[in-house]
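To keep things clear, I will list the structure first and then write my remarks on it.
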Amino acid sequence: MKDYHQLLARINRRSLQVVTKGKGMQSGRRKSHVYGTSLDFSDYKLYHPGDDIRQIDWNVYGRTNKPYVKRFLDEKEISVTILLDATSSMRQISTKWELAREIAASLSYMTLSHEDRLSFSAVATNFSFHRKGSIHNKRTFYELVEMKEPVVKESYTGSLFSFPFTKSQLVMLITDGLEPIPSFQEVFKRLTFGKQQVWLLQVLSQEEMNPSLSGDFQLVDSEVGTQVDVSLHPSTKNLYRKRLDEHNQQLSELCMNHGIRMSQVTDAQDIQSILLRELASFGLVK
Amino acid sequence: MQLANPIYFLLLLFIILFVIFYFFRKQYTKQVIPSNLLWEEVLKEIKASSWFHRWHNNVLFWLQLICLLLLMLALVEPYMEKETIKGEQIILLFDTSASMATKGKETNRLEDRKERALHMLKNKQANQTVTIMEVSDKPEIILSKEKDVKKINKVIQNIELSYTHEDWQSAIELASSIAKEGKTAIHFFSDQVNRETLTNLQTFYVEVHNEPLEEENLSLLSFGVSHKQDKVIGIATVENQTNSEKKVPLLVESEGTELVKKELQLQPNEKKIVQIQDLPEKAYYGAKIMIKDDYEVDNLQTAILQKQMTTVYASQNINPFILKGYEAIGLQVVQMEKEEDFLQKEDGIFLLSGSTIPENIQQPFVFFYEGDKKKELTNGIESTENELLQRVDMKDVYIASSSTNTIKENMETILKSEDRSLVQKGDINHQPSVLIHFDMKDSDWPLHASFPIFLYNIYQWLTSQTSYLGDFNPLETRTVTINSSVDEWDIYKENNQLLKTISLEKDGFQAPSYPGVYQLTSDRDILYFSVNLDDREKSIASEKSFTMNEDQIEDIEVSKSQNDWIWYVLCALVLLILCIEWEVYRRADNV
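Those sequence lines, one after another, are chains A and B.
Anchor point for the first sequence: position 16 equals 21 in our numbering, and the numbering is continuous, going up by one each time.
Anchor point for the second sequence: position 374 equals 1184 in our numbering, and the numbering is continuous, going up by one each time.
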């Protein structure tokens, strides 16, 4: 088991960036556009009968002879949904699967540490939960890193299509994106319906980007078991890479059209650098 | 059930080959990967983009179609009509005469013709028979109605020059006797055959292969020597058969030593007669023109000083049995009226009779006693071992009486009764002579079969008293009686190269074919003989090729076996296409 203390220490201070203000019911650490009781000053407003007289700023009254009420911003929680692709295609390559779980766990940890509400679901399995509060952060982190939930369904997009979403400010999709573009389109339509902010993290392994195999292979799909006989020559590998680029290009265009931000990571990268540099530069992690 | 061609079980090898092919087909390793999504698309792309995959189904279709078509073609056994030789029976006549030794395209004319015949026979069909005749002075059939090409080719290759003069008349008679009208094609491989020669062959299809080339020849037409007032002079006729002026040395030699050399200047087509004076007296003379022309065998001619004695001069009163005997041998017998006439004759054997031995005769002679001074024989006849009595049986011969006063002391007695000589041989005036000391009238010998043999032995002995055996035509066979007990003789060429060893008793004597001077040697003796070309073979002019009586031949049915190979080729193609098809299938199905 890897030592995650350093990672946890470094991401403890980080939080997930959300464009929308906190809309949650319970208080949290996120500024809300609703006036509330936080320490953050918002604005002044003339007193009207019915306002809390405790909030009249007497210093301003002294200077202007008009009663002004000093208002503060309220601090609210936000709801974050993490949808980790747990189909066989993710699990087939262990490094890829490990990276995907680490990312999911780290993001969950950051969410919980920031007193936000977390809805986690390992798509295609029966594993899902709703949690809030930093009290759960480490437990959740390790739970996710060590997740060994069996697969029950074999399609990420297919599962998402019938997924019972709760409305949240931030939805994070962690997947390899190796499913037909049209099915992603259907899912995206549903996800972006409620002005939710959606991130797509595409996790690919190096082996998938640049196949190292060569010779004659009967390739078996890990999910549906279809077989393809291929002679892996440099030329066919080139064609494959081209096709992968094309696929990713289509996926990113689709994301752009739906206002979804997409980022691609590979198992060649270190989890820390992914979180603290890649995702930070993309504006997901602050 | 029987198997007609069990050899074709060898084709099982192909099955083994195919099984091996099967083992080498593409083997795919199973590999589980996250998703085939992209690979499937890549494959679709490859299949969509490559012409091979676009067409592979069609390729298989076409290949199979071609396969079946080729198999069908193989079964119908196609054959091409090749240019064939005409005639069911083909008669080839090869001229082996001396003029065929003329330089041709390759070695000589005969080799050229042989080459041409072999080339022609490549188109021979299996049902055509070939008869080959060698045309020399005695034309003979050397291969009769043969179908096997290998045998035919071997016989043709073994034909050699005979250096004789070809006898077309009997060759054509022989050929037409075996030829069938309308079915036989006669081919002449010669140099000088023309339409006049072939007038008797009007009912047969005839092709003459002559092939004239530009050839140069100088010929020593004739050469002779004779006595003229104690001297020997020679006369040679040299002809320049070329169209340019030639300088040529004429050489006369004998027994390996050069006697005279003369430089001649000859105008184009000039015939020159050259006289050579003051030759030393030799047994024979060889004349040579020292030039390298296209026909070399006519550059040599030998001559003998001593005339070959083919005439027998007999005195008036000689026993007619003796005359008949010599006529039977084939000699010309001339009876002389006067004794003095003998002195003028130089080229014959004399048959003399009388009571005394003549003293002044300068020629070989046989003396037959005729007279009254004789004494009766009391005892039987004893013969000695002598060549004169070879194959002569004296057992039953009766001789009543003999002369006693004609016996010469210094001569060898070969037949006697008690101590009285009956027949003697030896030299008189340095000339060989035979003395018969009894009157033929007193004996029944002329009635015996051995008498002509005895006469012939006398003739042979009298004429063979020189070291020169005679002048022969190429390959001439002649009985040669040599006064020697040795039977094994070696024939050497002029340059002392052994040609062959013969046994005169067993083999008889046959002259070599190549013109020139030869030595016949045993332990002690060296005899010379020469082989001279026939005078008709001293020109190398050649005629053009032509074909005669083309309407006299029926077309023959072309046999199919000629083109057997086509279906082999087709089957091989089918096999090849099967292999291609297999490869296409292998590739097309699995990229």
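Think of the CB as a built atom: it goes at the ideal place given N, C-alpha and C, for glycine as much as any other residue.
Is it a yes or a no for the region 134-145 of chain A touching the region 833-851 of chain B, going by three-plus beta-carbon pairs under 8 Å?
-> no
Residues of the region 93-104 of chain A with a CB closer than 8 Å to any CB of chain B: list them in chain order, please.
-> Ser93, Ser94, Met95, Gln97, Ile98, Lys101
Do you know offhand how far Val1401(B)'s Cα is from Ser20(A)'s?
-> To locate residue 1401(B), count along the second sequence from 1; it is residue 591. To locate residue 20(A), count along the first sequence from 1; it is residue 15. With a pLDDT of only 47 at Val1401(B), under 50, the local geometry of the prediction cannot be trusted, and no value is derived from it.
Anything in chain A within Cβ reach of Val842(B), meaning under 7 Å, just list it in chain order.
-> Here residue 842(B) refers to the residue found at position 32 when the second sequence is read from its first residue. Near Val842(B) (Cβ distances below 7 Å), the residues of chain A are Gln97, Val225, Ser227.
Gly1158(B) - partner residues in DSSP beta bridges = Here residue 1158(B) is taken as the residue at index 348 of the second sequence, counted from 1. Bridge partners of Gly1158(B): Thr1121(B).
For the alpha helix (DSSP H) containing Ala995(B), list its first residue and its last residue.
-> Residue mapping note: residue 995(B) aligns to position 185 of the second sequence, counting from 1. It is not in any alpha helix (DSSP H) - Ala995(B) instead sits in the beta strand (DSSP E) that spans 994-999.
For Glu1068(B), the nearest candidate out of Leu953(B), Met1204(B), Asn1053(B), Leu1089(B) (CA to CA) | What you label residue 1068(B) is simply residue 258 of the second sequence in a count that begins at 1. Selected option, being the one with the closest Cα: Leu1089(B).
Alpha carbon to alpha carbon, how far is Leu920(B) from Asn809(B)? Give it in angstroms, no decimals.
-> Any question about residue 809(B) goes unanswered here, given that chain B covers just 811 to 1401.
Specify the secondary structure class of Val1401(B) as computed by DSSP and reduced to three states.
-> To locate residue 1401(B), count along the second sequence from 1; it is residue 591. Caution is warranted here: a pLDDT of 47 is assigned to Val1401(B), below 50, making its placement in the model unreliable, and no coordinate value can be reported.
Cβ neighbour criterion (16 or more within 10 Å) applied to Cys1389(B) | Counting from 1 along the second sequence, the entry for residue 1389(B) is found at position 579. Classification of Cys1389(B): exposed, given that the 10 Å Cβ count is below 16.
CA-to-CA distance, Lys1081(B) to Ser1054(B), given in whole angstroms | Numbered from 1 along the second sequence, position 244 holds the residue referred to as residue 1054(B). Numbered from 1 along the second sequence, position 271 holds the residue referred to as residue 1081(B). Those two C-alpha atoms are separated by around 13 Å.
Jot down the residue ranges of each uninterrupted alpha helix (DSSP H) in the region 963-1021 of chain B, minimum 4 residues, whole runs only, in chain order.
-> Runs of the alpha helix (DSSP H) inside the region 963-1021 of chain B: 978-988.
The region 207-216 of chain A contacting the region 96-105 of chain A, beta-carbon criterion three pairs below 8 Å | yes
How would you write the range of the alpha helix (DSSP H) that Thr1188(B) sits in, first residue to last?
-> As a working mapping, residue 1188(B) is identified with position 378 in the second sequence. Element bounds for Thr1188(B): n/a, residue is neither H nor E.
Please decide whether Val1401(B) counts as near chain A, where near means a Cβ-Cβ distance under 9 Å.
-> Mapped onto the second sequence, residue 1401(B) falls at position 591. Reliability fails at Val1401(B), whose pLDDT of 47 lies under 50, so the model's placement of it is uncertain and the value that follows must be treated cautiously. Yes, contact with chain A.
Amino acids of chain A, ordered along the chain, whose beta-carbon sits closer than 9 Å to that of Glu1393(B) | In the second sequence, counting from the first residue as 1, residue 1393(B) sits at position 583. Those within 9 Å of Glu1393(B) in chain A number zero; the least Cβ separation is about 14 Å.
Taking one C-beta from the region 1010-1018 of chain B and one from the region 1356-1363 of chain B each time, how about it: are there three or more such pairs within less than 8 Å?
-> yes
Counting only the same chain and skipping the five closest in sequence on each side, list residues whose C-beta sits under 8 Å from that of Glu983(B).
-> Start at 1 with the first residue of the second sequence, and residue 983(B) comes out as number 173. Around Glu983(B): Asn1010.
What span of residues does the beta strand (DSSP E) with Glu1073(B) cover, start to end?
-> Stepping through the second sequence from its first residue, residue 1073(B) is reached at position 263. Residues 1067-1076.
Between the region 954-968 of chain B and the region 1326-1333 of chain B, do at least 3 Cβ pairs fall closer than 8 Å?
-> no
Beta strand (DSSP E) runs contained entirely in the region 66-144 of chain A, provided each spans 3 or more residues = Whole beta strand (DSSP E) segments, 3+ residues: 73-81, 84-90, 122-128, 133-137.
Selection from Pro1078(B), Leu1076(B), Asp1103(B), Ile1114(B) that minimises the alpha carbon distance to Glu1091(B) | Against the second sequence, residue 1091(B) aligns to sequence position 281. Comparing Cα-Cα distances from Glu1091(B) to each of Pro1078(B), Leu1076(B), Asp1103(B), Ile1114(B), the minimum goes to Ile1114(B).
Would you give the residue range spanned by the beta strand (DSSP E) that Arg923(B) belongs to?
-> Counted from its first residue, the second sequence places residue 923(B) at position 113. Per DSSP, Arg923(B) belongs to no beta strand (DSSP E); it is in the alpha helix (DSSP H), 919-931.
What are the boundary residues of the alpha helix (DSSP H) that Ile1132(B) is part of?
-> Numbered from its first residue, the second sequence carries residue 1132(B) at position 322. Taken as a continuous stretch (DSSP letters only), the alpha helix (DSSP H) holding Ile1132(B) covers 1130-1139.
Run through DSSP, which three-state label would Leu1380(B) get?
-> Translated into positions along the second sequence, residue 1380(B) becomes position 570. Residue state, collapsed to three classes: helix.
By the criterion of Cβ-Cβ separation under 7 Å, what are the contact partners of Gly163(A) in chain B?
-> Here residue 163(A) refers to the residue found at position 158 when the first sequence is read from its first residue. Correct list: empty, because the minimum Cβ distance to chain B is about 14 Å.
Answer yes or no: do Leu175(A) and Ser126(A) have a C-beta to C-beta separation smaller than 9 Å?
-> The residue given as residue 175(A) occupies position 170 in the first sequence. The residue given as residue 126(A) occupies position 121 in the first sequence. No.
Comparing the C-beta of Asp272(A) with each C-beta of chain B, is any distance below 9 Å?
-> The sequence position of residue 272(A) within the first sequence is 267, counting from 1. No, Asp272(A) does not count as interfacial toward chain B.
Kindly indicate the opening and closing residues of the beta strand (DSSP E) around Trp204(A).
-> Here residue 204(A) refers to the residue found at position 199 when the first sequence is read from its first residue. Element bounds for Trp204(A): 202-209.
Alpha carbon to alpha carbon, how far is Thr1188(B) from Leu1110(B)? Give it in angstroms, no decimals.
-> The sequence position of residue 1110(B) within the second sequence is 300, counting from 1. The sequence position of residue 1188(B) within the second sequence is 378, counting from 1. Near 59 Å, if we compare the C-alpha coordinates of Thr1188(B) and Leu1110(B).
Which of the three DSSP states, helix, strand or coil, is assigned to His10(A)?
-> By 1-based counting over the first sequence, the position of residue 10(A) is 5. Helix at His10(A).
Answer yes or no: does any C-beta atom of chain A fall closer than 9 Å to that of Tyr838(B)?
-> Working through the second sequence from its first residue, we reach residue 838(B) at position 28. It does: the Cβ of Tyr838(B) has a partner Cβ on chain A nearer than 9 Å.
Tell me which same chain residues have a C-beta within less than 7 Å of the C-beta of Gln11(A), skipping the five on either side of it?
-> Taking the first residue of the first sequence as position 1, residue 11(A) is located at position 6. Around Gln11(A): no qualifying Cβ.
Are the region 906-915 of chain B and the region 970-990 of chain B touching, with three or more C-beta to C-beta distances below 8 Å?
-> yes
Indicate whether at least one CB of chain B lies closer than 9 Å to the CB of Pro187(A).
-> Indexing the first sequence from 1 puts residue 187(A) at position 182. Not closer than 9 Å to any Cβ of chain B, the Cβ of Pro187(A) fails to qualify, so no.
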